[in-house]
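Comments concern the structure below.
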Amino acid sequence: MTSAESLTRLCRVEHIMGTAIVIDLPDVDGREVAVEAAFDHFREVDARFSTYKPDSEVSRLNRGEIREQDCSDQLRDVLDMCEVARQISDGYFDIRGHRRDGELDPSGLVKGWSVDGAARILDAAGIGNYSINAAGDVRVRGHARPGSPWRIGIRNPWDATTTAAVLSVDDHAIATSGTYERGDHIINPHTARPPDGIASMTVVGPSLTWADTWATAAYAMGIRGVDWISREVDGYEACAISTDRHLVMTSGFERFMAER
Amino acid sequence: MPKRGAVALVTTILAVVLLLTFKTGDQSTLRHGLPTDGFIGAPPAATAAPIAVVGGPTPGTTATTPPTSVRSGPTAAPGRAAGPPAPAATPQPSTAAPVGQNTSGTFTGQAIDTPYGTVQIALVVQSGKIIDVQELQLPSDRRLSQQISAQAGPMLRTQVLQAQSDQINGVSGASYTSYGFYQSLQSALSQMQ
Chain A
3 MTSAESLTRL CRVEHIMGTA IVIDLPDVDG REVAVEAAFD HFREVDARFS TYKPDSEVSR
63 LNRGEIREQD CSDQLRDVLD MCEVARQISD GYFDIRGHRR DGELDPSGLV KGWSVDGAAR
123 ILDAAGIGNY SINAAGDVRV RGHARPGSPW RIGIRNPWDA TTTAAVLSVD DHAIATSGTY
183 ERGDHIINPH TARPPDGIAS MTVVGPSLTW ADTWATAAYA MGIRGVDWIS REVDGYEACA
243 ISTDRHLVMT SGFERFMAER
Chain B
1100 MPKRGAVALV TTILAVVLLL TFKTGDQSTL RHGLPTDGFI GAPPAATAAP IAVVGGPTPG
1160 TTATTPPTSV RSGPTAAPGR AAGPPAPAAT PQPSTAAPVG QNTSGTFTGQ AIDTPYGTVQ
1220 IALVVQSGKI IDVQELQLPS DRRLSQQISA QAGPMLRTQV LQAQSDQING VSGASYTSYG
1280 FYQSLQSALS QMQ
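Residue numbers (my numbering), protein chains in the order written: chain A, 3 to 262; chain B, 1100 to 1292.
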């Protein structure tokens, strides 16, 4: 057996931000110490942005204990990005509007943003092949093993044990919004109701911050969110699953569809 | 080649399986037990309806999408809106082990304490292939734990076997907190070296 065939793999999971986060490295070569720094990064983000932790900066902002202009640079950057997203999406991504209780909740952007931050840590360490999966939002780089791109399934909205499609990706972020797990947690802010006709919305692009954000916004629009991504969002492709069980995708999405 | 395939298989399972542990939802969306036709991961054909492809330049690619079973729609997950506290234990880095073609036997994972109770699984392996996943312990002390376990068990089994046949490295859109199952599975896999 050659050394190329005996590559070992590191696959680590930690429970952070109320969910399981997985970092998968196909080729272990000593640089994987950066994985610990990446998990530290997730813990820092959780401590600052969690809406479940009463002492987080976001919770203190929500209680009015601090003002927006007094927030950390990180939180202000996130709030600025949320505002950009709200404007570009015509209010469909709205960190004050998409929750029924109306509280400020930037977690729709923070999760993807935290993964992008972790990816930068792995990039800086020179790790060329990895996958980071935070609660079903995924960022990959390089290959899953030599010669094989990453294969990422899109969950079947009606059966969590199967996939509706498999995507073949290398340097991409993949985010899916749906309501099948925690109830109707995405509502159309213009109608204050969940969108009709859509079971899930998957967006693929270079950044998970924006893939996740656009998936949330496009989901809130319903099936026509696919057209919106196609028209208005450069560099991102979308695939919706309708409640009548059709895949509806942008023309550029099909190149990601893998053989099964 | 078989060796590398086996490595990929194990890591695929590791990456995918934790996505499906503590789903709470409609009981009717679960499939119980193993398929009996020997083709692991095959959807139940009798109840299958295809997800069609529309839009895009070539809508004729329906053949690449799998059937999805006709079942009732998704329901809201009860009592799980708040993020659960992180477990106290810090997992150690561990590496997936290659599975030899001749490996057979039952591999028992560690018992893992989670906020919901203790989780322990065992893998039944025949000729390097996982043929069953057994839940030796799942949380049962509270009513919510019982509900979670009743649904998680069959799903976990199906998901491990599905990942083995589907060769995928992850699933977008599935977020679950299956830390305990994952850790126990990982320790069972590490014994298969």
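Glycine included, every Cβ here is placed at the ideal spot set by N, Cα and C.
query, result
"Would A/Asp26 and A/Cys13 qualify as a contact pair, given that the criterion is a beta-carbon distance under 8 Å?", "yes"
"A/Asp198 to A/Ala36, Cα distance in whole Å?", "43 Å"
"List in chain order: all unbroken beta strand (DSSP E) runs of 3+ residues lying wholly within the region 98–155 of chain A.", "132–136, 139–143"
"When DSSP labels each residue in this structure, what does A/Ser209 get in the three-state scheme?", "coil"
"Express the C-alpha separation of A/Asp42 and A/Ser202 in angstroms, rounding to a whole number.", "31 Å"
"Closest by CA to A/Arg257, which one among A/Thr53, A/Phe44, A/Val86, A/Val171?", "A/Val171"
"Could you give the residue range of the alpha helix (DSSP H) that holds A/Met83?", "75–90"
"State yes or no: is the C-beta of A/Ala137 within less than 8 Å of the C-beta of A/Leu111?", "no"
"Between the C-alpha atoms of A/Ala240 and A/Val250, what's the straight-line distance to the nearest angstrom?", "8 Å"
"Just verifying my parser: in three-state terms, what is the DSSP assignment at A/Ser58?", "coil"
"For A/Ala219, is the classification buried or exposed, using 16 other Cβ atoms within 10 angstroms of its Cβ as the cut-off for buried?", "buried"
"So A/Arg69 and A/Glu59 are supposed to be a Cβ contact under 8 Å. How far apart are they, rounded?", "Not confirmed; about 12 Å, so no contact."
"Give me the DSSP bridge partner(s) of B/Thr1099.", "Since the first residue of chain B shown is 1100 and the last is 1292, residue 1099 of chain B is not available in this structure."
"B/Val1224 and A/Gly155: beta carbons closer than 8 Å?", "no"
"Only counting the same chain, and skipping five residues up and downstream in sequence, which positions put a Cβ closer than 8 Å to that of B/Ser1362?", "No answer is possible for residue 1362 of chain B: it lies beyond the span of chain B, which begins at 1100 and ends at 1292."
"Give the interface partners of A/Thr211 over in chain B, defined as CB-CB distance under 8 Å, in chain order.", "Near A/Thr211 there are no residues of chain B at all, since even the closest Cβ is about 15 Å away, more than 8 Å."
"Determine, using beta carbons only, whether A/Ser180 and B/Gly1272 come nearer to each other than 8 Å.", "Before going on, a small fix: residue 180 of chain A reads as Gly here, not Ser. Yes."
"For the beta strand (DSSP E) containing A/Arg14, list its first residue and its last residue.", "12–18"
"So that I know if they touch, is there some Cβ in chain B lying closer than 8 Å to that of A/Ile154?", "yes"
"With a 10 Å radius around its C-beta and 16 neighbouring C-beta atoms as the bar for buried, classify B/Ser1226 as buried or exposed.", "exposed"
"In chain order, what residues of the same chain have a beta carbon less than 7 Å from the beta carbon of A/Ala120, not counting five sequence neighbours either side?", "Ala40, His43, Phe44, Ile134"
"Chain A partners of B/Gly1227, CB-CB under 8 Å?", "Within chain A, no residue comes near B/Gly1227; the closest Cβ sits about 16 Å away, beyond 8 Å."
"According to DSSP, which residues form a beta bridge with B/Ile1220?", "B/Glu1234"
"Based on DSSP bridge pairs, tell me the residues matched to A/Met251.", "A/Cys241"
"So, does the CB of A/Thr4 fall closer than 8 Å to a CB anywhere in chain B?", "Because A/Thr4 sits at a pLDDT of 34, beneath the cut-off of 50, its placement in the model cannot be relied upon, and the following sentence gives the value as read from the coordinates. No, A/Thr4 does not count as interfacial toward chain B."
"From what residue to what residue does the alpha helix (DSSP H) around A/His192 run?", "Per DSSP, A/His192 belongs to no alpha helix (DSSP H) and is neither H nor E."
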